[in-house]
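Enquirer: For what it's worth, the working numbering labels the leading residue of the sequence shown as 1, then goes sequentially. Take this structure first; my questions come after.
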Amino acid sequence: MASEQEGPSGPDLKAGIRAADVADGALLAGRVDDDEVLLARRGQEWFAIGARCSHYSGPLAEGLMVGDTVRCPWHHACFDLRTGEPLRPPALNDLPAYDVEVRDGIVRVTARRTTTRTGLRRVKGPESVVIVGGGAAGNMAAETLRREGYAGPIIILDPDRDAPYDRPNLSKDYLAGNAPEEWIPLHPPEFYQDMGIELRHGARVASLDPRGRRVRLEDGGELPYGALLLATGATPVRLSAEVAGGGSEVHYLRTLADSRRIAGAAREGGRAVVLGASFIGLEVAASLRARKMDVQVVAPDARPLERVLGPELGDMVRRVHEEQGVRFHLGRKPARVVNGGVTLDNGETMPADLVVAGIGVRPNLQLAEAAGLTLDRGVLVNERLETSAPGIFAAGDIARWPDPHTGERIRVEHWVVAERQGQAAARGILGLGGPFDAVPFFWSAHYSMAINYVGHAERWDRIEVEGDPAAQDCTVRYHREGRVLAVATVGRDLAALKAEVELERAVGGRR
1 MASEQEGPSG PDLKAGIRAA DVADGALLAG RVDDDEVLLA RRGQEWFAIG
51 ARCSHYSGPL AEGLMVGDTV RCPWHHACFD LRTGEPLRPP ALNDLPAYDV
101 EVRDGIVRVT ARRTTTRTGL RRVKGPESVV IVGGGAAGNM AAETLRREGY
151 AGPIIILDPD RDAPYDRPNL SKDYLAGNAP EEWIPLHPPE FYQDMGIELR
201 HGARVASLDP RGRRVRLEDG GELPYGALLL ATGATPVRLS AEVAGGGSEV
251 HYLRTLADSR RIAGAAREGG RAVVLGASFI GLEVAASLRA RKMDVQVVAP
301 DARPLERVLG PELGDMVRRV HEEQGVRFHL GRKPARVVNG GVTLDNGETM
351 PADLVVAGIG VRPNLQLAEA AGLTLDRGVL VNERLETSAP GIFAAGDIAR
401 WPDPHTGERI RVEHWVVAER QGQAAARGIL GLGGPFDAVP FFWSAHYSMA
451 INYVGHAERW DRIEVEGDPA AQDCTVRYHR EGRVLAVATV GRDLAALKAE
501 VELERAVGGR R
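What follows is the structure, given as structure tokens:
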């Protein structure tokens, strides 16, 4: 999460700097009065916007300029350098934009602009939009509809009474106790009121009527829709009853309420067992170590995350956790979880005050299946994210879409992908924009180490390692049939951004 800044630093851009001192394509962090401001040069054009990403306050001066946009080095948000508009998630809000003047070889950032874009555009659209799911995809879809000028009713239905919120933080800083709960909501309630977005918390959808274009609720109510977005997300895979017994001793992490319960059960000096060396499982392990618990991880794999990241990064991740005191039991499965302990399949028993299972998730496909939508290990959608039923779109964890980068249909369970699909689905609902072709991106944080991953490689025939994973300074490329499908970086944020652009351009060149 963002840390508190001591105040703006760098050159006084209001007083001015020499234009000759700023190279073409350069990004420079400076100040205007009490504001941190990013100055950017592209040829003879100059731009000035807020210097901190509106997601986690990443330093945009350390990012990458692409055309007249800038990308954040931390989590790849993208902003318009002319207006400060967030063009691509996980950016949340607009950044302030400033006027720039060049006179006698001196560049000065002058007035902060006061004009806002939101609400200036007007587009036609369906009579109403109903969104089932208030997570990453659903929230971003609602915001995008309004940003694109849609003025009709927008209703978000979600059984989670806390949604929408920053789900990735639930296993990271929030669970570790480093982020207060007031940082977790994506926006305050007034934001949705001001945007005219109706949030129905606790609302559960019983069924869909694609022909009649209606949503039936469990409380007996019905909602007509002009367009519908399914963004129902996923549910954690649970241990079998044979292993979990009554199940009350095992925690799962998906919601804010789940994270609260795990944090409430964590005790300094206590013993925690994490079942599963998934991203969620390992991030939970790191967070519980931050709370000074004794942590052991049980997983059937030979290495953590090897199926996603390969052996080199898998070994690095294990080493990072072991240096923090985590003990691994790899090649093992739980045979029984009982009050006060976990018994493994080899008969070993580990005492446990807290047990958390992170063994994967399953997409919530029940509504789509019952409505007769075409499924294939997810809800099949076209390049505009529309399902087999006209007027019904799907985004996020449930959507399997035609990915131009791999040439295959893929489904990805990551927050930023869900946000970007929500944005694309909203534009598809309005008949705007083209196919969804964003390069998938995710990040995973373990103590002070973070992995950035762009692209998608479910399988590969060669891994190319540049740098030293042991030193947490490397770029790892995943090849298949002579093509780079994905790139993971550690300690190289700018390299991750450049890899993202290269993957985008590779697709553009094949079209």
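Backbone N, C-alpha and C define an ideal beta-carbon position, used for all residues, glycine too.
Please classify residue 430 as buried or exposed, where buried requires at least 16 neighbouring CB atoms within 10 angstroms.
Expert: buried
Enquirer: I need the DSSP call for residue 502, collapsed to helix, strand or coil.
Expert: helix
Enquirer: When you compare the CB positions of residue 269 and residue 299, do they come within less than 7 Å of one another, or not?
Expert: Cβ distance not < 7 Å, so residue 269 and residue 299 don't count as in contact.
Enquirer: Taking only three categories from DSSP, how would you classify residue 144?
Expert: helix
Enquirer: When you compare each of 110, 150, 132, 108 to residue 125 by their alpha carbons, which one comes out closest?
Expert: 150
Enquirer: Where does residue 26 sit, in a helix, a strand or coil, going by DSSP?
Expert: coil
Enquirer: Of all the alpha helix (DSSP H) runs that stay within the bounds of the region 295-363, which reach a length of 4 or more residues?
Expert: The DSSP assignment places complete alpha helix (DSSP H) segments of no fewer than 4 residues inside the region 295-363 at 306-323, in order along the chain.
Enquirer: Look up residue 231 in the DSSP assignment and say whether it is helix, strand or coil.
Expert: coil
Enquirer: Which value, in whole angstroms, describes the spacing of the CA atoms of residue 263 and residue 350?
Expert: 21 Å
Enquirer: State the DSSP-derived secondary structure class of residue 436, mapped to helix, strand or coil.
Expert: coil
Enquirer: Among all the DSSP beta bridges, which residues are the ones paired with residue 40?
Expert: 27, 47
Enquirer: Would you mind giving the Cβ-Cβ distance between residue 336 and residue 328, rounded to the nearest angstrom? I have them listed as a contact below 8 Å.
Expert: At roughly 20 Å, the Cβ-Cβ gap does not stay under 8 Å, so residue 336 and residue 328 are not in contact.
Enquirer: Count the CB pairs spanning the region 67-80 and the region 89-101 that are closer than 8 Å, and state whether there are at least three.
Expert: yes
Enquirer: Cα separation between residue 402 and residue 386?
Expert: 11 Å
Enquirer: Per DSSP, what kind of secondary structure is residue 386 in: helix, strand or coil?
Expert: strand
Enquirer: Let me know if residue 496 comes out buried or exposed under the rule of 16 or more other beta-carbons within 10 Å of its beta-carbon.
Expert: buried
Enquirer: Does the region 174-190 come into contact with the region 460-469, if we say contact requires no fewer than three beta-carbon pairs (one atom in each stretch) closer than 8 Å?
Expert: no
Enquirer: Return the first residue and the last residue of the alpha helix (DSSP H) that residue 419 is part of.
Expert: 415-429
Enquirer: Tell me which residues share the same chain as residue 493 and place their Cβ nearer than 6 Å to its Cβ, disregarding the 5 neighbours each side in the sequence.
Expert: 73
Enquirer: So, at 7 Å on beta carbons, what are the nonlocal neighbours of residue 379 in its own chain, with the 5 sequence-adjacent residues on each side left out?
Expert: Within the same chain, residue 379 has close Cβ partners 230, 365, 368, 373, 387, 394, 398, 399, 400.
Enquirer: Could you give the distance in angstroms between the alpha-carbon of residue 238 and the alpha-carbon of residue 32?
Expert: Cα to Cα, the separation comes out at about 53 Å.
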